[in-house]
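Below is one structure, written out as structure tokens; the observations come after it.
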Amino acid sequence: MNTVTCIAPVNIAVIKYWGKRNEELILPLNDSISASLDTEHLCAKTTVMISPEFKQDRIWLNGQEENANNVRLLNCLLEMRKRMQLTGQAKHWKVHICSENNFPTAAGLASSAAGYACLAAALAKLYKVEGDISAIARVGSGSACRSTLGGFVRWHKGSDPNGADSLAKQVIPPSHWPEMRILVLVVSDHKKKVSSAIGMKRGVISSELLKYRVEHIMPKRVEEMEQALLNKDFKSFAEITMKDSNQMHAVTLDTYPPCCYMNDISHKIIDLVHSYNAAVNNVKVAYTFDAGPNATFYLLEEDVPKIMGIIDYYFPSANDNMVEYRKGIVVEPIQPSKDLLEKINVEPETPGKLKYMICTRVGDGPKVLYDQNDTLLNSQGLPIKA
Ligand code: DP6
Numbered sequence: 003m004n005t006v007t008c009i010a011p012v013n014i015a016v017i018k019y020w021g022k023r024n025e026e027l028i029l030p031l032n033d034s035i036s037a038s039l040d041t042e043h044l045c046a047k048t049t050v051m052i053s054p055e056f057k058q059d060r061i062w063l064n065g066q067e068e069n070a071n072n073v074r075l076l077n078c079l080l081e082m083r084k085r086m087q088l089t090g091q092a093k094h095w096k097v098h099i100c101s102e103n104n105f106p107t108a109a110g111l112a113s114s115a116a117g118y119a120c121l122a123a124a125l126a127k128l129y130k131v132e133g134d135i136s137a138i139a140r141v142g143s144g145s146a147c148r149s150t151l152g153g154f155v156r157w158h159k160g161s162d163p164n165g166a167d168s169l170a171k172q173v174i175p176p177s178h179w180p181e182m183r184i185l186v187l188v189v190s191d192h193k194k195k196v197s198s199a200i201g202m203k204r205g206v207i208s209s210e211l212l213k214y215r216v217e218h219i220m221p222k223r224v225e226e227m228e229q230a231l232l233n234k235d236f237k238s239f240a241e242i243t244m245k246d247s248n249q250m251h252a253v254t255l256d257t258y259p260p261c262c263y264m265n266d267i268s269h270k271i272i273d274l275v276h277s278y279n280a281a282v283n284n285v286k287v288a289y290t291f292d293a294g295p296n297a298t299f300y301l302l303e304e305d306v307p308k309i310m311g312i313i314d315y316y317f318p319s320a321n322d323n324m325v326e327y328r329k330g331i332v333v334e335p336i337q338p339s340k341d342l343l344e345k346i347n348v349e350p351e352t353p354g355k356l357k358y359m360i361c362t363r364v365g366d367g368p369k370v371l372y373d374q375n376d377t378l379l380n381s382q383g384l385p386i387k388a
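Per this note's numbering: the sequence shown = residues 3 to 388.
Right, dumping it as structure tokens:
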């Protein structure tokens, strides 16, 4: 077997990883927790191939050839090759890698986590590497280690200076809380942001709040989140999720010079969620934001039609084509009642502030695809879709 194709999930953290204690090995300052999203709606797909004919390692991402001498990619390949169980000449063969996402890059969703998890899973199969692969994905991109497993996943920061115990472990499988749903709201925005790697590096140097967060908040918060997940306690889960997102963004503002990832629409979404929860006198939906303006909602299945109706009312789509606008699980939104609208003290936006919406659920970890039609490389090891 010289070719392997895999898919791997995108993950969205509910306890954020923000700050490294070791830049080179990508070791975090705190534990983090995320859900892996159903690969049916969002995933990376990667084909890896080895051959005596290949002159050098090469990589194509979303149809473009990229520099295979990128440090993070080299580190991933190095770790894999250290652990490979291949015998004979095949050990020395070069590899071709071709990777793509099943969602538009224009959606502006972080894809490196799914991409590196997928690469680690595919290479592990090709090189017959046994055991944990989260540490290998981690050296590509920290959050990628959480995409090597399904369900809700905790990345344990570990204490070993070499990172031997900085690994991802599953907290609950998708079947433990099957009612959990995720809505990804893609906010229209074209500004280039400071990368999370640079943002966190700056934060570690300059933010006093980050120090406080790591020492005094995180140890307890991670345990509380794990308990909320085990107990299926949505209220606690949602409150911790929102507080942790807010604190990460407070850290980015406390960074000097500051990094500002959310925009006015992001803040308006936060307002709307709190107003809605107050209006229904319960905590029915939680938001979280990564290093960008896009919001992700966590909510329960029974509330999705109502929340979709609320989003449609306050953030109307500019798009007449709802098939293009709404992706993932098909849901018929319920229009909010007049009574509810009166209680929510938020002005509706002009159409088009959201460009895309994906409704999905918690899903499994990476999978190997055995159908030949799934391969992204032809027999010469070149991308099929040129
Ligand atoms: C805000 O994993 O992209 O999404 O380790 O430098 O590659 P590197 O950073 P990355 O950071 C993700 C940060 C985050 C929060 C999270 O996913 O936990």
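Ideal placement from N, C-alpha and C gives every residue a C-beta, glycine not left out. From a predicted model like this one, the values you see are computed outputs, not experimental measurements.
Within its chain, find whatever has a CB closer than 7 Å to the CB of Leu211; leave out the 5 residues flanking it on each side and keep chain order. Here residue 211 is taken as the residue at index 209 of the sequence shown, counted from 1. Closer than 7 Å at Cβ, skipping near neighbours: Ala252, Val253 and Asp256.
Whole alpha helix (DSSP H) runs in the segment 310-335 with 4 or more residues, listed along the chain? 324-327
Straight-line gap, Val141 to Phe154 (C-alpha atoms, nearest Å): Walking along the sequence shown from the start, residue 141 turns up at place 139. Walking along the sequence shown from the start, residue 154 turns up at place 152. Their backbone Cα atoms lie some 21 Å apart in a straight line.
In chain order, what residues of the same chain have a beta carbon less than 8 Å from the beta carbon of Pro307, not counting five sequence neighbours either side? Within the sequence shown, the letter at position 305 stands for residue 307. These residues qualify, in order along the chain: Val333, Glu334, Pro335 and Ile336.
Around the C-beta of Asp40, are 16 or more other C-beta atoms found within 10 angstroms, so that it is buried, or is it exposed? The sequence position of residue 40 within the sequence shown is 38, counting from 1. Per the 10 Å Cβ criterion, buried.
Inter-residue Cα distance where the pair is Ile360 and Thr298: Within the sequence shown, residue 360 is the residue found at index 358, counting from 1. Within the sequence shown, residue 298 is the residue found at index 296, counting from 1. Distance between the alpha carbons of Ile360 and Thr298: 9 Å.
Let's test the definition: count the other Cβ atoms within 10 Å of the Cβ of Met3 and tell me whether it reaches 16, buried, or not, exposed. Here residue 3 refers to the residue found at position 1 when the sequence shown is read from its first residue. Its Cβ having fewer than 16 others within 10 Å, Met3 is exposed.
Given that a residue counts as buried once 16 or more other Cβ atoms are within 10 Å of its Cβ, and exposed if not, what is Met324? Stepping through the sequence shown from its first residue, residue 324 is reached at position 322. That one is exposed.
Please give the ranges of any beta strand (DSSP E) in the segment 17-54, keeping only runs that are unbroken, at least 3 residues long and fully inside the region. 22-24, 34-38 and 45-53
Is the beta carbon of Thr362 sitting closer than 8 Å to the one on Thr290? For the purposes of this step, residue 362 is taken as the residue at position 360 of the sequence shown. For the purposes of this step, residue 290 is taken as the residue at position 288 of the sequence shown. No, these two residues do not count as a Cβ contact at 8 Å.
Does the segment 74-85 touch the segment 268-275, meaning 3 or more C-beta pairs lie closer than 8 Å? no
Throw me the rounded Cβ distance for the Gly367 and Gly152 pair, which I believe falls under 8 Å. One-based indexing of the sequence shown puts residue 367 at position 365. One-based indexing of the sequence shown puts residue 152 at position 150. Going by Cβ atoms, the distance from Gly367 to Gly152 rounds to 4 Å, so yes, they are a contact pair.
Would you call the segment 41-48 in contact with the segment 175-183, where contact means no fewer than 3 C-beta pairs closer than 8 Å? no
So with Cβ pairs under 8 Å, would you call Lys270 a contact of chain B? In the structure shown, chain B does not exist; there is a single protein chain.
Does the Cβ of Ile28 lie closer than 7 Å to at least one heavy atom of ligand 1? Translated into positions along the sequence shown, residue 28 becomes position 26. Checking every heavy atom of ligand 1 against the Cβ of Ile28, one is found closer than 7 Å.
Per the contact definition of three or more C-beta pairs closer than 8 Å, is the segment 279-290 in contact with the segment 164-173? no
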